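Asker: Numbering-wise (full-length UniProt numbering), the sequence shown opens with residue 1 and increments by one.
Let me begin by handing over the structure; questions about it come next.
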Amino acid sequence: MTRMVQLSGVIMDHVYRVHSVPAPGGEAVVRSAYLAPGGGFNAMVAARRMGMDVAYGGSLGSGAFADRIATALTGEGITLLRPRLPGLDQGCCTVLIDDKGERSFIASEGADGVVTDADLAALPLGEDDWLMLSGYALLYPGSRDALTRWLFLQPGRLVFDPCPQVAQIGPDALQAALHAAHWISANRTEAQVLTGHHDPATAAEALAGRPGGAVLRDGANGAWLALPGRTARHIPPHPVRPVDTNGAGDTHVGAFVAALASGHAPATACRLANIAAALSTTKEGPATAPPLADVLAIAASHPIPMQQEA
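Listed below in structure tokens is the structure:
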């Protein structure tokens, strides 16, 4: 059975909506706030709501945050593949969202940043699994080295999302992830860091030298899809009026993988992911990925001519 296995840690987001992010030494009045699972959680939820089986292969600790995350995973029908780590709670991230929808982050790892060689060797992975990995897992000293060694062993069908701090990933770890990745899904800034190209089509093409290809997510501008040896194609956005962009990129990655796994061609999968990510921004709060029926309904009512793909 095809499933997504998330290897990146789930953390607890502390989300605050403010008019503007304060300057150093300043202060902001919070208009609304909530606690919700974040990190690797949103991609899993997106894939699950698109109809894909999902399992969590990352670390989950013990404590108030970890308990809340475990409940959320179970509530979404996501299977836990590893025993929980005793004595260490899950990490957290403070997220500030201003009136323009721009986000600022301050993160601290916990159990999510601890992964050993034995943990990875014990994962019950199947040949049909789609493996998800974020660059965040390659930043933490407690998970970086084991993951780097494991990635060089060609673990399977891997989708790599570099993360905004990709420039801080060590060269060995980054090389391992790029070597193992069947697909890369990066936002425009991350793709520029990885390739040195400002033009999104050129950057996507530079990332596409792998078995699957590359997706360059460009926010309200849609996405660029590049397949090996092919010219990058612009996949148009689904226009919405966003109210909360937190987790939209993760929703895109999860929806794209689910659509690919269900048999859609890459261009169609990317179009469906654009719709899912756009819809996720129209609601405030956690885990706003839409159900498959909503995505398909919009795709059917707003058809975009697609070229035939090999």
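The beta carbon of each residue, even a glycine, is placed where N, CA and C say it ideally should be.
Every value quoted in this text rests on a predicted model; they were computed, and no experiment measured them.
Buried or exposed, going by whether 16 or more other CB atoms sit within 10 Å of the CB of GLU102?
Answerer: Flag for GLU102 reads exposed.
Asker: So, using beta-carbon positions, are ALA289 and ASN42 closer together than 9 Å?
Answerer: Yes; because the gap between Cβ atoms is below 9 Å, this pair is in contact.
Asker: Quick check for students: name the residue ranges of the alpha helix (DSSP H) that lie wholly in the segment 114-166, counting only runs of 4 or more.
Answerer: List check, alpha helix (DSSP H) in window: 117-121 and 141-151.
Asker: By Cβ distance below 6 Å, which residues in the same chain neighbour PRO37 in space, the five residues on each side in sequence not counted?
Answerer: VAL10, ILE69 and ALA72.
Asker: The beta strand (DSSP E) that contains residue 335, what's its start and end?
Answerer: What the structure shows of the chain is the stretch from 1 to 310, and residue 335 is not part of that stretch, so it cannot be assessed.
Asker: Please name the residue, chosen from HIS19, ALA299, VAL21 and ALA287, that lies closest to LEU35 on a Cα-to-Cα basis.
Answerer: Of the candidates HIS19, ALA299, VAL21 and ALA287, the one whose C-alpha sits nearest the C-alpha of LEU35 is ALA287.
Asker: Who are the near neighbours of GLY77 in its chain, counting only those whose CB is closer than 7 Å to its CB and skipping five residues on each side?
Answerer: Around GLY77: ARG48.
Asker: Give me, in chain order, the residues of the same chain whose beta-carbon lies closer than 7 Å to that of GLY113; leave out the 5 immediate sequence neighbours on both sides.
Answerer: Closer than 7 Å at the Cβ level, and outside the excluded window around GLY113, lie GLY9, GLY91, TYR140, GLY142 and SER143.
Asker: Given a cut-off of 9 Å on the beta-carbon distance, is the pair VAL240 and THR282 in contact?
Answerer: In contact: VAL240 and THR282 (Cβ atoms closer than 9 Å).
Asker: With the cut-off set at 9 Å, would you say SER262 and MET4 are in Cβ contact?
Answerer: Result no, Cβ atoms of SER262 and MET4 do not sit closer than 9 Å.
Asker: Which stretch, first to last residue, makes up the beta strand (DSSP E) that contains MET4?
Answerer: Residues 3-6.
Asker: Would you kindly report the start and end of the unbroken beta strand (DSSP E) that includes HIS234?
Answerer: HIS234 -> beta strand (DSSP E) spans 233-235.
Asker: What does a CB cutoff of less than 8 Å around ILE298 pick up in its chain, not counting 5 residues either side in sequence?
Answerer: Counting only Cβ-Cβ distances below 8 Å, and skipping sequence neighbours, we find HIS238, ILE275 and LEU279.
Asker: Does the Cβ-Cβ distance between TRP183 and ALA214 come in under 9 Å?
Answerer: Cβ atoms of TRP183 and ALA214: closer than 9 Å.
Asker: Is it buried or exposed for LEU225, if we count other Cβ within 10 angstroms and need 16 for buried?
Answerer: Answer is buried; the Cβ neighbour count reaches 16.
Asker: DSSP on GLN308, reduced to helix/strand/coil?
Answerer: Note that GLN308 scores 43 on pLDDT, short of 50, meaning its location in the model is unreliable; the coordinates nonetheless yield the value given after this. DSSP places GLN308 in coil when its eight states are reduced to three.
Asker: Could you check what DSSP says for VAL10 in three-state terms: helix, strand or coil?
Answerer: Three-state DSSP puts VAL10 in a strand.
Asker: Using only the alpha-carbon positions, how far apart do ASP89 and SER301 sit?
Answerer: Distance between the alpha carbons of ASP89 and SER301 is about 45 Å.
Asker: Taking Cβ to Cβ, would you say SER104 is nearer than 9 Å to VAL21?
Answerer: Result yes, Cβ atoms of SER104 and VAL21 sit closer than 9 Å.
Asker: Along the beta strand (DSSP E) that carries ASP53, what are the first and last residues, could you check?
Answerer: It spans 53-56 - the beta strand (DSSP E) in which ASP53 sits, taken as one unbroken run.
Asker: Measure the alpha-carbon distance for ILE304 versus GLY222 and round it to whole angstroms.
Answerer: For ILE304 and GLY222, the distance between alpha carbons rounds to 13 Å.
Asker: Let me confirm a value: ALA55 is counted as buried when at least 16 other C-beta atoms fall within 10 Å, else exposed. Which label applies?
Answerer: The residue is buried, with at least 16 neighbouring Cβ atoms inside 10 Å.
Asker: According to DSSP, is LEU35 part of a helix, a strand, or is it coil?
Answerer: It is a strand residue.
Asker: Considering Cα atoms alone, identify which of PRO200, CYS163, PHE152 and ALA33 is closest to ALA181.
Answerer: Considering only alpha carbons, the answer is PHE152.
Asker: Please name the residue in THR148, LEU131 and THR231 whose C-alpha comes closest to that of LEU158.
Answerer: Comparing Cα positions, the closest option is LEU131.
Asker: Let me check one thing: in DSSP terms, what residues is ASN187 bridge-paired to?
Answerer: Partner(s): ARG217.
Asker: In chain order, what residues of the same chain lie with their CB nearer than 6 Å to the CB of ALA173, ignoring the 5 residues before and after it?
Answerer: Closer than 6 Å at the Cβ level, and outside the excluded window around ALA173, lie LEU138, ARG144 and THR148.
Asker: Thinking C-alpha only, which one of ASP117, CYS163, SER32 and ALA208 is nearest THR231?
Answerer: Ranking ASP117, CYS163, SER32 and ALA208 by Cα distance to THR231 puts ALA208 first.
Asker: Answer yes or no: do ALA191 and LEU216 have a C-beta to C-beta separation smaller than 9 Å?
Answerer: Result yes, Cβ atoms of ALA191 and LEU216 sit closer than 9 Å.
Asker: Which same chain residues end up closer than 8 Å to THR189 when comparing Cβ atoms and leaving out the 5 residues on each side of it in sequence?
Answerer: Around THR189: PRO164.
Asker: What does the alpha-carbon distance come out to for the pair GLY196 and GLY135?
Answerer: Spanning the two alpha carbons is a distance of roughly 18 Å.
Asker: Relative to the C-alpha of ASP128, which candidate in LEU260, CYS93 and THR79 has its C-alpha closest?
Answerer: Ranking LEU260, CYS93 and THR79 by Cα distance to ASP128 puts LEU260 first.
Asker: Here's a check: name, in chain order, each residue in its chain whose Cβ is nearer than 6 Å to the Cβ of THR94, leaving out the five neighbours to either side.
Answerer: Taken in chain order, the residues that qualify are HIS14 and ILE106.
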